[in-house]
Amino acid sequence: MAEFIQHVINGISLGSVYALIAIGYSMVYGILQLINFAHGEVVMLSSVFGFYVAPYFLAHMDPSIGLFLVVLTVAMVGCGIVGFLIERLAYRPLRKAPRINCLITAIGVSLFIQYFTQLDFVFGAIPQSYPELMSREVYFTIAGAEVSNLQVLVLGLSFVLMVALQWIVYRTKLGKAMRAVSENTEVSALLGIPVDRVISFTFILGSVLAAAAGTLVSTMYPKVDALMGTLLGLKAFVAAVLGGIGSIPGAVLGGLVMGMAEEFTVGYLSSSFRDAIAFAILIVVLLVRPSGLLGKSRIEKV
Amino acid sequence: MTYRSMIKFFVPLAVVVAMSFVSACKKKTEDVITIGEYGSMTGTEATFGISTHRGIEMAIEAVNAAGGVKGKKLKLISYDNQGKAEESVTAVTKLITKDNVDVIIGEVASSRSKAAAPVAQRYQVPMISPSSTNPEVTAIGDYIFRVCFIDPFQGSVLAVFATENLKAKTAALLIDKKSDYSVGLADFFTKKFTALGGKIIVEQNYVGGDIDFKAQLTAIKAKNPDVIMVPGYYTEVGLMMKQAKDLGLKAVFIGGDGWDSPKLAEIAGPALNGNYMSNHYTTDDKDPRVQEFIKKYQAKFNEVPDGLAALGYDAALVLVDALNRAPDFSKKSIRDALAQTKSFAGVTGVITMDHNRNASKPAVIVQAQDLVFRFVRKIEP
């Protein structure tokens, strides 16, 4: 029983990380119908930012939740800027181009960031260990299963950010503009909505969430590596598709399902199937319910 | 073809031909012995390649400072394979066909040595692996050597230690399924451990590059083994130890020389303490040869040399020893001289090539105490 509960707890904390990354994919897709393949790289950059700034703060503060929040804020600001630049420099010039051009550009941006980060004067190709932002301890025990403070933090922070996002999208004017642009870009522009600015904002928001995910990943698994974003991004993308791409609650659900599926595959089936299961889920979803668990099926205009 | 398109076609062609002449001419002026090296200077196992390279570099510098081998200087050409098997094949092919090296040193990881060794064998260029322990590496051909012990021995050393010193009756295995080294070492450990009366109660897998091991560790915890045997490489092992602590897993970790890296302590932190690994040498060794090596290495690189640096150093010196004995510097003569290496006193022990071109040497078991590995026991072959 303790084993089962422990698997559930591990699955939820892994799933929350996937969910945070998946939201970024979903949001951008919802508005631009663009799969932003560079999103995983933003997650990686967040860890790189943390890796560089944390020692500076560590000189003045002890590892604590406060330090974590400070580093998180810096990473969020950094990634927000990166997200803005990616959209401004790579995607905006292609706004009128066929969608396939944007997709290829997204892959290009992703590879560019990966290899640029691997340059020696940027970060280098050698994985580094991420500084300890807060001490790890067992928080409490549920029926023999250990819950660490980090797992509580991951779950708590993911929840707070998701609620905040939900509030921005459905309760603010900017969120209303985002939804309008998502519905119909041309009509939104006609009605005086600054479409470019709304899209910029969407990218910044997605990148800020990616920054949160990156900092959480590196705090839990203290390794920073220029290529770490690839597999994380890919799995989060599967989570977004599973939940219904374009839907934020769907991304959260998809992330959690993915985390649980991986955890239980390793725990009760065989650890060799771990990554296979993620992609098997993708194939099954595409076959059975192409719009995802919570996605709206809409008819494509031809 | 119009005049203009002919220019377009022939001018680049002429340039290419001219360039190949220039590079062909360069090859002639050679009064050096070139040694090719390939290793993981970047990637997940970057410290393996870097440490080995430093060891080799140090040995070659010392030899050159003393006048070289029979009046010839040694020249080292190194390529990075990014820790990938396919890049290793490319690097070795390039070393042989483009750089015309006389002999090759590499690799640390058995999977990569195994990928590149057939190339060296096909071109009949001697290759010395400093630290690939999987037995199949030197079985590839008679031009492939190594200066370290092999996994059947390392696996049994760990099994003997677990049974005799740790009094372990049950063990869990956590294996990197993509690594020849990991799979092989786990296999040899299992054979000896069960022969000694122990039992493997749970086996879990992962793939190099993974960062989350909580699921595997939770499944292991449920079975409550006495020891957890992880024949993996340092990056993943460090993360595992940390996560094991998060899960409240009390069992001790044991593993092989793949743990050996200064990065392990950095990643695992205090979770490393108390765990054991088998290795090729220990910095606690009072032998003056070892202490002198450590002192020189520290002065040069400002770091305590790990086992891989020591093996890189030994590999280069075993090669120099062979070059000194060889009647001429043909690849065949170098190979024959390497095969006759006998009682060579290296930093990692006395090296004698057996008829399978493997070195038979003792192994040490070291334990992490305050983030430093300390000598516990030496086991002779």
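Chains as they are written, first to last, in this note's numbering: chain A, 1 to 302; chain B, 1001 to 1381.
We treat Cβ as the ideally placed atom computed from N, Cα and C, and that holds for glycine.
CB residue i to CB residue j, shorter than 7 Å?
| i | j | result |
| --- | --- | --- |
| residue 1276/B | residue 1367/B | yes |
| residue 1168/B | residue 1227/B | yes |
| residue 1083/B | residue 1044/B | yes |
| residue 224/A | residue 51/A | yes |
| residue 254/A | residue 24/A | no |
| residue 1172/B | residue 1278/B | no |
| residue 1102/B | residue 1033/B | yes |
| residue 1231/B | residue 1182/B | yes |
| residue 279/A | residue 204/A | no |
| residue 148/A | residue 20/A | no |
| residue 1036/B | residue 1049/B | no |
Can you find a C-beta in chain D that's less than 7 Å from the C-beta of residue i?
| i | result |
| --- | --- |
| residue 1309/B | In the structure shown, chain D cannot be found, because the protein chains are A and B. |
Listing by chain order, which chain B residues have their CB less than 8 Å from the CB of residue i?
| i | result |
| --- | --- |
| residue 14/A | 1212 and 1214 |
| residue 125/A | 1042, 1043, 1046 and 1082 |
| residue 266/A | 1204, 1215, 1216 and 1219 |
For residue i, does the three-state DSSP call read helix, strand or coil?
| i | result |
| --- | --- |
| residue 1367/B | strand |
| residue 301/A | Its pLDDT being 47, under 50, residue 301/A is placed unreliably by the model, and nothing is read from it. |
| residue 1112/B | helix |
| residue 1280/B | coil |
| residue 141/A | strand |
| residue 1303/B | coil |
| residue 166/A | helix |
| residue 156/A | helix |
| residue 1029/B | Residue placement at residue 1029/B cannot be trusted, given a pLDDT of 48 that sits under 50; what the coordinates show is reported in the next sentence. In this structure, residue 1029/B counts as coil in the three-state DSSP scheme. |
| residue 1039/B | strand |
| residue 1264/B | helix |
| residue 1176/B | strand |
| residue 15/A | helix |
| residue 129/A | strand |
| residue 1343/B | coil |
| residue 189/A | helix |
| residue 1286/B | coil |
| residue 29/A | helix |
| residue 1159/B | helix |
| residue 46/A | helix |
| residue 35/A | coil |
| residue 1249/B | coil |
| residue 228/A | helix |
| residue 1143/B | coil |
Show which residues of chain A have a CB atom less than 8 Å away from the CB atom of residue i.
| i | result |
| --- | --- |
| residue 1250/B | The contacting residues do not exist; residue 1250/B stays about 11 Å from chain A at best. |
| residue 1345/B | By Cβ distance, chain A contributes nothing, its closest Cβ being about 33 Å from residue 1345/B, past 8 Å. |
Which bits of chain A does residue i rub up against, with CB to CB less than 9 Å?
| i | result |
| --- | --- |
| residue 1239/B | 221, 222 and 223 |
| residue 1383/B | This structure cannot speak to residue 1383/B, because chain B is shown only from 1001 to 1381. |
Check the Cβ of residue i against every Cβ in chain A and list those closer than 7 Å, keeping chain order.
| i | result |
| --- | --- |
| residue 1263/B | 129 |
| residue 1295/B | By Cβ distance, chain A contributes nothing, its closest Cβ being about 26 Å from residue 1295/B, past 7 Å. |
State the CB to CB distance for the pair residue i and residue j, rounded to an integer number of angstroms; the pair is presumed to be in contact (CB under 8 Å).
| i | j | result |
| --- | --- | --- |
| residue 259/A | residue 14/A | 4 Å |
| residue 109/A | residue 86/A | 6 Å |
| residue 1376/B | residue 1365/B | 5 Å |
| residue 1076/B | residue 1057/B | 7 Å |
| residue 63/A | residue 134/A | 5 Å |
| residue 166/A | residue 31/A | Wrong, their Cβ atoms sit about 16 Å apart, outside the cutoff. |
| residue 238/A | residue 168/A | Between residue 168/A and residue 238/A the Cβ distance is about 25 Å, and since that is not below 8 Å, they are no contact. |
In chain B, which residues lie with their C-beta within 7 Å of the C-beta of residue i?
| i | result |
| --- | --- |
| residue 7/A | 1215 and 1218 |
| residue 138/A | 1248 |
| residue 148/A | 1246 |
| residue 183/A | What residue 183/A touches in chain B: nothing, since even the nearest Cβ is about 38 Å away. |
| residue 272/A | 1177 and 1205 |
| residue 263/A | 1215 |
| residue 36/A | Per Cβ cutoff of 7 Å: no residues; residue 36/A is ~23 Å from chain B at best. |
Please list, in chain order, the chain B residues whose beta carbon lies closer than 9 Å to that of residue i.
| i | result |
| --- | --- |
| residue 254/A | Within 9 Å Cβ-Cβ: nothing; residue 254/A doesn't reach chain B, min ~18 Å. |
| residue 132/A | 1269 |
Notebook entry, point to check: Are the stretch 213 to 224 of chain A and the stretch 142 to 157 of chain A touching, with three or more C-beta to C-beta distances below 8 Å?
Noted result: yes
Check: Three or more beta-carbon pairs under 8 Å between the stretch 52 to 60 of chain A and the stretch 187 to 199 of chain A, yes or no?
Finding: no
Notebook entry, point to check: How about the stretch 285 to 295 of chain A and the stretch 231 to 244 of chain A: do they share at least three Cβ pairs that are nearer than 8 Å?
Noted result: yes
Note to self: Using 8 Å as the cut-off, can you tell me whether the stretch 1157 to 1177 of chain B makes contact with the stretch 1322 to 1331 of chain B, which would need three or more C-beta pairs spanning the two stretches below that distance?
What the structure shows: no
Note to self: If contact is defined by three or more beta carbon pairs under 8 Å, each pair taking one atom from either stretch, is the stretch 1138 to 1149 of chain B in contact with the stretch 1191 to 1200 of chain B?
What the structure shows: no
Item checked: At least three beta-carbon pairs within less than 8 Å, the stretch 1309 to 1316 of chain B to the stretch 1339 to 1355 of chain B -> yes
Next item on the list: Specify whether the stretch 1209 to 1222 of chain B and the stretch 1266 to 1273 of chain B touch according to this definition: at least 3 beta carbon pairs, one from each stretch, less than 8 Å apart.
Entry: no
Notebook entry, point to check: Hey, is the stretch 1064 to 1071 of chain B in contact with the stretch 1289 to 1308 of chain B, meaning 3+ C-beta pairs nearer than 8 Å?
Noted result: no
Next item on the list: Would you check if there are 3 or more beta carbon pairs closer than 8 Å linking the stretch 66 to 80 of chain A to the stretch 33 to 52 of chain A?
Entry: yes
Margin query: Measuring CB atoms only, is the stretch 225 to 234 of chain A touching the stretch 1176 to 1192 of chain B, in the sense that at least three cross pairs come out at less than 8 Å?
Written below: With the cut-off at 8 Å, the stretch 225 to 234 of chain A and the stretch 1176 to 1192 of chain B do not touch.
Check: Is the stretch 1129 to 1140 of chain B touching the stretch 1239 to 1253 of chain B in the sense that three or more CB pairs, one from each, lie closer than 8 Å?
Finding: no
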